[in-house]
Amino acid sequence: MRAAAVACANVALSKYWGKRPGRFNVPAVPSLSVTLDGLSTTTCVAFDETLVADELWFDGVAAADEPTRRASELLDRVRDAASVSARARVDTHNDFPTASGLASSASGFAALALAALTAAGRDASREEVSRVARRSSASAARSVFGGFVELPGGLGPDATDEQADEACVARQVASAAALPLRMLVCVTTEGEKAVGSTSGMRETSERSPYYGAWLDVAPRLHAEMMSALERADLPVLGELAERSALAMHASALAAGVAYVSGVTLSLLGAVQALRRGGTGVWATMDAGPHLKAIVDAKDADAVASELGAMPGVLRVIHAKPGPVARVLPFDEAIAVARGGLS
Ligand code: 2P0
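With the numbering used here applied, the sequence shown has no gaps in its numbers, which climb one by one up to 439 at the end.
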């Protein structure tokens, strides 16, 4: 009744922002991501009949009520699927800043879903792991897979919520080696973000005059990106990824949801200037102020030193396309999760 897993963060090239109305946390638009090597969450789950409630610990420190409640919701779905009644202790460790727009919920819920289903004795397919993760955090559905991963958008209003849930399954669409892409994560703060993704996208859908435009353009950018990926055309993919990020942020900003900071905008200017100078580099940003530069592997070191020298950049993480989530030996993982070792 115990198991451990590791999953990597992912960054969307074509962004998910906004949910299909109804249940099961189904995105309104399709997304395409790259799983990132080296930004990982290690999670251990131990079901224990003596516990009266689920417990969540980060690096050996008890988590606050809200993250514990979200972990417990996922565990409820696993208990239902595997006919288990025991509560669980969850120990987890991120090797990058938590809840600051670096996709810690994606790797976190993917690792939790895989560890919990395995601990419950459920011989789950990757698709089942991904669906369990997606209902907690849609981007987590993508972190179950390695390389380049697509998560479809929701079906139209004629479909039932159950049909939309059934159809919304992530899949790997290209291996990690498909493109010589590197992601340079320019870390601009170690703090937590002020507005979480779930409430940020709800406010955008309720208040942004540009939310309709986003719903219109996102699937088209996504389709063009899928064919650029099929052709292994990094310049076109990068250009489209930057447009997807800018459209998402413009729509959020019009609702007063601002994730970008002054440093983010300076970095965006620097990326665009590098591009005018002939370097293949493109920007993407998520629900936090960090800018991620998409770059050809051959230019990664030069671009990283340029961006890393900009005021306000704390450090630059070099990431390449990463692997699928996997089960780990429990004893090895618990030392990492409780001690914060990596
Ligand atoms: C993405 N983001 O596609 C987009 C781009 C952030 C910006 O998915 O409400 O934590 O838990 O399903 O997955 C972050 O949102 O939101 C996210 P919920 P999630 O990566």
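For each residue, glycine too, the CB sits at the ideal point set by N, CA and C.
Next on the checklist: If you follow the beta strand (DSSP E) that His415 is in, where does it begin and where does it stop?
Outcome noted: 412 to 416
Next on the checklist: Using 8 Å for Cβ pairs, my map puts Ser111 next to Pro127. What's the rounded Cβ distance?
Outcome noted: The Cβ separation is near 7 Å, so the contact holds.
Next on the checklist: If I follow the unbroken beta strand (DSSP E) through Asp255, where does it start and stop?
Outcome noted: Note, Asp255: premise wrong, no beta strand (DSSP E); not H, not E.
Item to check | Ala384 CB to nearest heavy atom of the ligand 2P0 below 6 Å | outcome: yes
Checklist entry - Which same chain residues, not among the five before or five after Tyr307, have their C-beta less than 7 Å away from its C-beta? => result Ala347, Ser348, Ala351
Next on the checklist: Using a 10 Å radius around the Cβ and a threshold of 16 neighbouring Cβ atoms, would you call Val149 buried or exposed?
Outcome noted: Burial check for Val149: the Cβ neighbour count within 10 Å stays below 16, so the residue is exposed.
Checklist entry - With burial defined as no fewer than 16 other Cβ atoms inside 10 Å of the residue's Cβ, what is the status of Ser439: buried or exposed? => result For Ser439, the predicted structure reports a pLDDT of 49, less than 50, and the residue's modelled location is therefore unreliable. A value from the coordinates is still provided. Classification for Ser439: exposed.
Checklist entry - What are the start and end residues of each continuous beta strand (DSSP E) run of 3 or more residues lying completely inside the stretch 149 to 204, in chain order? => result 152 to 155, 184 to 191
Item to check | Reduced DSSP category for Ala109 - H, G, I as helix; E, B as strand; rest coil | outcome: Collapsing the DSSP output to three states places Ala109 in a strand.
Checklist entry - Hey, how far is the Cα of Asp188 from the Cα of Trp154? => result 5 Å
Checklist entry - Is the number of C-beta pairs between the stretch 414 to 422 and the stretch 359 to 379 that are closer than 8 Å three or more? => result no
Checklist entry - Are the Cβ atoms of Phe144 and Ala185 separated by less than 7 Å? => result yes
Next on the checklist: Taking the straight line between their C-alpha atoms, what separation do you get for Ser402 and Asp151?
Outcome noted: 44 Å
Item to check | Exposure of Thr301, with buried meaning 16 or more beta-carbon neighbours within 10 Å | outcome: buried
Checklist entry - In the structure shown, what three-state DSSP assignment does Phe121 receive? => result The three-state reading of DSSP puts Phe121 in coil, since its state is none of H, G, I, E or B.
Checklist entry - Is any heavy atom of the ligand 2P0 found at a distance shorter than 6 Å from the C-beta of Lys112? => result Checking the Cβ of Lys112 against the ligand 2P0 gives yes.
Checklist entry - Can you round the beta-carbon distance between Ala221 and Thr140 to whole angstroms, since I take them to be within the 8 Å contact cut? => result The pair is not a contact, with the Cβ atoms about 15 Å apart (cut-off 8 Å).
Checklist entry - Where does the unbroken beta strand (DSSP E) through Val126 begin, and where does it stop? => result Careful: Val126 lies outside any beta strand (DSSP E) and carries neither H nor E.
Checklist entry - By how many angstroms is the C-alpha of Gly293 removed from the C-alpha of Trp114? => result The straight-line gap from Cα to Cα measures roughly 12 Å.
Next on the checklist: Less than 6 Å separating the Cβ of Ser341 from some heavy atom of the ligand 2P0?
Outcome noted: No - the ligand 2P0 has no heavy atom lying nearer than 6 Å to the Cβ of Ser341.
Next on the checklist: Starting from Glu247, trace the beta strand (DSSP E) in both directions and tell me its first and last residue.
Outcome noted: 245 to 248
Checklist entry - Is the number of C-beta pairs between the stretch 272 to 287 and the stretch 236 to 247 that are closer than 8 Å three or more? => result In short, these stretches touch, since the Cβ pair count reaches three.
Next on the checklist: Just to confirm before moving on: does the CB-CB distance between Gly157 and Arg435 stay below 7 Å?
Outcome noted: Taking a C-beta distance under 7 Å as the contact criterion, Gly157 and Arg435 qualify as a contact pair.
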